[in-house]
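Using the numbering used here, the letters of the sequence shown map in sequence onto residues 1384 to 1613. Notes to accompany the following structure.
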Amino acid sequence: MDFQAGYLRSSIGRKTIVGITGLVFFGFVFFHMLGNLQIFQEPDKINSYAAFLQSLGGLLWIARGTLLVAFVLHVYYAIRLSVENRQARPVGYVKNSTIQATLSSRMMALTGLVIFGAILYHLAHFTLGITDPKDFALKDAQGRHDVYSMVVLGFQNPIVSGAYVLWMFLLASHLRHGVSSVFQTFGLNTSFWAPKTNAFAIAYAILIFVGNSSIPLSILLGYVKLPGAQ
């Protein structure tokens, strides 16, 4: 039996793929947040960071390609597992017991779809400059892409900021269950490790929510302003 017919068609193989690709995104989300938090420093910090990433050239595109492949595999196998789980129980339980199932675990498919749509908008807004081309075209005093001003102008819109905070809440919910699931997939949710991995998953989700949400909220409240603004 070859690899495709065996491992990838087994539930264990599919869960492993979802787990590994999930780890890729857990790391990406954390380091992406750290990069974005430079908005709280002087504009040169985040503009220099963005210029450095662009200077990577081919390496940056390799990283983007890796993330894209991981994302496609994660979504594809997560959907297949979800469909198979539903098909295994075509008739619902008479009593819907959710003591062991957290709200985040029962909403993984929904939050995943919302997150996918939010990622597309986020790319169109801050990466491709489709939604606000004038802000995207801004340059700083050194002729670099003015990421600082672009982000501030973008989040001065209450609708955009509100939607972003809601997205972060759904992302945190997805990560809270996703991180726990990764530990379970790799056999780390034993009686000894389960409380620790669960606490880590909750702490990680809260960190991502608070860290990322602090950016639009600080801009809306006027703590982070355009260069030269009083």
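For every residue, glycine included, the Cβ atom is placed at its ideal position computed from N, Cα and C. Everything numeric in this text was worked out from a predicted model, so none of it was measured.
Bridge partners of residue i, per DSSP?
i: K1522; result: H1528
Excluding the 5 residues flanking residue i on each side, which residues of the same chain have their C-beta closer than 8 angstroms to its C-beta?
i: L1603; result: F1538, Q1539, P1541, S1544
i: V1477; result: With a pLDDT of only 45 at V1477, under the threshold of 50, the placement of this residue in the model should not be trusted, and no figure is reported.
I think residue i touches residue j, with their Cβ atoms under 8 angstroms apart; what is that distance to the nearest whole Å?
i: F1583; j: V1565; result: That pair is no contact at about 11 angstroms.
i: G1495; j: H1557; result: 6 angstroms
i: F1552; j: F1509; result: Actually they are not in contact, since the Cβ atoms of F1552 and F1509 sit about 19 angstroms apart, beyond 8 angstroms.
i: T1573; j: T1399; result: With a Cβ gap of about 18 angstroms, T1573 and T1399 do not count as contacting.
i: N1430; j: H1528; result: 7 angstroms
Output needed for residue i: all residues of its chain with C-beta closer than 6 angstroms, excluding positions within five of it in sequence on either side, in chain order.
i: K1428; result: Q1421
i: I1513; result: A1507
i: W1550; result: A1501
i: A1484; result: Because the pLDDT of A1484 is 49, which lies under 50, any placement of that residue in the model is unreliable, and the number read from its coordinates should be weighed accordingly. Around A1484: no qualifying Cβ.
Within a Cβ cutoff of 7 angstroms, which residues of the same chain sit near residue i, ignoring the five residues on either side of it in sequence?
i: F1519; result: G1512, M1533
i: I1482; result: Note on I1482: pLDDT 38, under 50, position unreliable in the model; the coordinate value appears next. Counting only Cβ-Cβ distances below 7 angstroms, and skipping sequence neighbours, we find nothing.
i: L1571; result: T1580
Where do the N-terminal and C-terminal ends of the alpha helix (DSSP H) with residue i fall, by residue?
i: T1399; result: 1394-1419
i: P1610; result: Taken as a continuous stretch (DSSP letters only), P1610 belongs to no alpha helix (DSSP H), as it is neither H nor E.
i: F1435; result: 1426-1438
i: H1557; result: 1541-1568
i: S1601; result: 1577-1603
Is the segment 1455-1472 touching the segment 1391-1409 in the sense that three or more CB pairs, one from each, lie closer than 8 angstroms?
-> The segment 1391-1409 vs the segment 1455-1472: in contact.
Quick check: the segment 1404-1423 against the segment 1590-1598, are there 3 or more CB pairs under 8 angstroms?
-> The segment 1404-1423, when compared against the segment 1590-1598, does touch it at the 8 angstroms Cβ threshold.
Should the segment 1447-1461 be regarded as contacting the segment 1402-1420, the criterion being three or more beta carbon pairs within less than 8 angstroms?
-> Verdict: yes, contact present.
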